[in-house]
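As C-alpha cells, the structure follows; a few thoughts come after it.
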Amino acid sequence: MSEAAVTVVHAGWAVPAAGLLGLLAVAGAVLDGFLTARTTGTGSSGLSQPFGEVARLMRQRRRTTVAADSLLWRIGGSGLLLMALMIITVVPLGRWTLFDLDVGVIWFNAMDVLAWAFVWLTGWGANSAHSLVGGYRFLAHGLAYELPLMFALVAPAVGASSLNVGEIAAAQQGLWFVVWMPVAFLVFCMGVLAIAVWGPFSPALGADVAGGVTAELSGVDRLLFQGGRYALLAAGAAFAVPMFLGGGAGPLLPAWAWVLIKTLALLAVFVWLRRRLPAARPDVFMEAGWLVLLPAVLLQDLIVAVVAAGRS
Amino acid sequence: MITHVAFWALAVVAVLAGAAVFIVNSMARASYALAVSFIAVGVQVLLMQQNYVGVVTILMMVMEMAVMAVYMVMFMGMNPALMPMSMVHDNRHALAVSIGVFVLLAAGVLLVPWPTRRGAPPVDVTEALGEELMGPKMLVMTGVGAVMAVTIIAGVVLAAHRTRYDRFGDDLRRRPADDPQPGGVGR
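Heads up: the protein sequence lines correspond to chains A and B, in order. Just remember that this note's numbering sits 11 ahead of the position in the first sequence, which is counted from 1. Just remember that this note's numbering sits 2 ahead of the position in the second sequence, which is counted from 1.
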C-alpha cells in the first residue's frame with residue numbers, strides 16, 4: 012500500500028478517455044439494437060437501430076412545451092452524460108488513471124446520487140404530467156435502491172481497507188472480490204441499472220405514461236438523455252471492474268486490455284438483461300429494497316468486516 | 003495561485019446561488035439553487051484537501067434536495083410547487099435577522115485572533131478525521147446514533163395515521179397485514 016497503485020496521467024488524456032467511454036456506449040447501443048432486431052424481426056441488422064436513431068434525432072426539431080422550465084430541463088437531460096464522464100475519471104485503465112482520488116469510492120457515490128437530481132429535473136422541466144410522473148417513479152426507485160447500493164460500495168472498501176479505487180483493484184491480486192462478495196456485486200449491478208434507468212428500473216420511462224421522463228424530449232435533448240443512459244451503463248460496468256472484478260488482473264494480455272474486456276463483458280450483460288428481467292414497480296420494489304436487499308447487503312458487509320478484522 | 007482563484011470563484015458561486023434561492027419563483031429552482039450552493043461549498047472543502055468531507059457534502063446535499071423535491075410536491079397543499087410562487091416570507095423580520103446574523107459572523111471572522119498553524123496536516127486526512135470521530139469518541143457517536151434512530155422511529159410512529167391494530171386486527175393476528183399499499187415481499 013506504500014507506493015501508489017496507479018499512475019496519474021496528464022489531464023489531456025481526459026479527451027481520449029471520454030472518447031473511449033463514447034465507444035463503449037455505442038457498443039452497448041449496437042448490441043441493444045441487434046437484440047431488438049432479433050426480437051422484433053425488423054431490419055436486417057442491429058446497426059441501423061442506434062445509428063439511424065442518432066441521425067433521426069440530430070435533424071429533429073426541438074419540441075417546446077407551455078411554461079417549460081427550460082434551464083432545469085436542459086440541465087437534467089444533459090446531466091446523465093456528465094455523470095458518466097465524471098465516474099470514469101477515477102476508474103484506472105490498467106496502470107493509468109485520470110484522477111487518483113483517495114476517496115474514489117465516495118466520489119462514485121456522489122456522482123450516482125446526481126441521477127436523482129438529473130432524472131427528476133428532466134421529468135419536471137417539461138411541465139408535462141406524464142414526464143413528472145416518470146420523475147417521481149425514479150425518485151421512488153431511488154429511495155429503495157440507494158441505501159443498498161451505498162452499503163454494497165462499503166464491502167470492497169472494507170475488504171481492501173481503502174477508499175482509493177486503484178488500491179481496491181490492487182487488493183484483489185489473490186482473489187477477486189466478486190467471489191467472496193457476491194451479494195455486494197449483485198446489488199452494485201442493480202444500482203448501475205437503476206442510475207441508467209435501465210431494465211427493471213425503466214418504469215420511469217414506461218410506455219404506460221407515454222415514455223415518462225422522456226415523454227417531451229426530442230431532438231438533441233433526447234439524444235443526450237438516451238446517450239447518457241448508455242454511457243452510464245458503460246461507466247458503471249467500468250467502475251465494477253476495479254471494485255469487484257480484479258481490475259486489470261488477467262493472463263497474457265496487458266492490464267488495460269483486461270479492464271476493457273471485463274467492462275465490455277459486463278456492459279453486454281447489462282444490455283442483455285434489459286429483456287430478461289421484469290419491470291420493478293416502484294411501490295412494490297420499495298419493500299423489497301428495504302426488507303430484502305438492505306439486510307442482505309448489511310450481512311455481506313458484516314462478513315467482509317469480520318474477515319478484514321481477522322486478517323489485520 | 004489557481005487554487006486561490008478557484009476558491010474565491012466558488013465562494014462567489016456559493017453566495018450567488020444561495021441568494022438565488024430567494025429570488026427565483028419556483029420551488030424546483032430554489033431547491034436546486036441551494037444544491038448548487040452546497041456543491042460549491044463542497045468543492046471548496048475539496049480544495050482544502052478535506053477530500054472525504056468535501057465529496058460527502060456534495061453527495062448528501064444533492065440527495066437531500068432531491069428528497070425535498072419529493073416532499074414539497076407531496077405535502078404542500080394546493081400544490082404550490084407546480085406554479086410560480088414567492089420564495090420569501092415575512093420579509094421585514096427575515097431581513098433584519100439575516101443582516102444581524104451576517105454582521106455578527108463577519109465581525110467574528112474579523113475580530114477573532116485566529117491561531118497560526120501548529121504542526122503539519124496529517125498525510126491521510128480522511129484517516130485522521132475517522133480517528134478523531136471514531137477513536138475516543140466512539141461511545142458518544144454510538145449513543146447519539148441510537149438516540150437519533152429512536153427519535154426518527156418514534157416520530158414516524160406518532161405521526162402515522164394507521165396503527166398496528168389497523169394493520170393486524172384487534173388481536174394482532176391478522177396475516178397478511180391489511181395495508182393500503184401492497185408490498186413486494188408478499189407479506
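Beta carbons are placed, not taken as given, at the ideal position from N, Cα and C, and that holds for glycine.
Cut-off 6 Å between Cβ atoms - residues of its own chain near A:L204, not counting five sequence neighbours on either side: G210 and F212
Out of A:D111, A:R292 and A:A121, which has the shortest C-alpha to C-alpha gap to B:G56? A:A121
Using 9 Å as the threshold, is the C-beta distance between A:M94 and A:L164 below it? no
Whole-Å CB distance - A:R74 paired with A:S172, under 8 Å assumed: Contact flag wrong, Cβ pair sits at about 51 Å.
Given a threshold of 16 other Cβ atoms within 10 Å of its Cβ, counted over all protein chains shown, does A:R72 qualify as buried or as exposed? exposed
For B:G20 and B:S39, I'd like the C-alpha separation in whole angstroms. 6 Å
Minimum Cβ-Cβ distance from B:I155 to chain A less than 9 Å: no
Ignore the nearest five residues each way along the sequence and tell me which others in B:A130's own chain have a CB closer than 7 Å to its CB. P124
By the 10 Å Cβ neighbour count, where 16 or more other Cβ atoms means buried, how is B:F9 classified, buried or exposed? exposed
Hey, out of A:A242, A:L132, A:V303 and A:V270, whose CA is closest to A:V37's CA? A:A242
Against chain A, does B:S39 count as a neighbour if the rule is that its beta carbon must be under 9 Å from one of theirs? no
8 Å Cβ cut-off: residues of chain A touching B:L61: I117, N120, A121 and V124
Spatially closest choice to A:A316 from A:A166, A:P306 and A:A28, by CA coordinates: A:A166
Taking only three categories from DSSP, how would you classify A:L32? helix
Please give the ranges of any alpha helix (DSSP H) in the region 120 to 182 of chain B, keeping only runs that are unbroken, at least 4 residues long and fully inside the region. 127 to 136, 140 to 161 and 166 to 170
Does the distance from the C-beta atom of A:G223 to that of A:G153 stay below 9 Å? no
In this structure, what does DSSP give as the bridge partners for A:T108? A:V19
Taking A:A78 as the reference, which of A:S59, A:V176 and A:S139 has the closest Cα? A:S139
Please check the pair A:L92 and A:G238, which I expect to be a contact at CB under 8 Å, by giving their CB distance rounded to whole angstroms. 6 Å
Chain B partners of A:A299, CB-CB under 9 Å? G185, G186 and V187
Does any residue of chain A have a CB that is nearer than 9 Å to the CB of B:W116? no
Counting only the same chain and skipping the five closest in sequence on each side, list residues whose C-beta sits under 8 Å from that of B:R31. A22
Mapping DSSP to helix, strand and coil, what is A:G261? coil
Nearest chain A C-beta to B:T128 closer than 9 Å, yes or no? yes
By how many angstroms is the C-alpha of A:S142 removed from the C-alpha of A:V190? 40 Å
Backbone CA spacing between A:P193 and A:F199 [nearest angstrom]: 10 Å
Element boundaries [alpha helix (DSSP H), containing A:N120]: G115 to G136
Reducing DSSP to helix, strand and coil, say where B:Q51 ends up. coil
CA-CA distance, B:M140 and B:V47? 25 Å
Under 8 Å: do the region 144 to 153 of chain A and the region 97 to 106 of chain A share three or more Cβ pairs, one atom per stretch? no
Are the beta-carbon atoms of A:W267 and A:W127 separated by less than 9 Å? no
Outcome for B:Y54 when other beta-carbon atoms lying within 10 angstroms are tallied against a minimum of 16: buried
Give a yes or no on whether the minimum CB-CB distance between A:D80 and chain B is below 9 Å. yes
Given that A:W131 touches chain B, what residues does it touch there, using C-beta distances under 9 Å? A30, A68, A71 and V72
DSSP on B:A92, reduced to helix/strand/coil? A quick correction: the sequence has Asp, not Ala, at residue 92 of chain B. Note: B:D92 maps to coil in three-state DSSP.
List the residues of chain A that B:N53 touches, going by C-beta distances under 7 Å, in chain order. L112, D113 and V114
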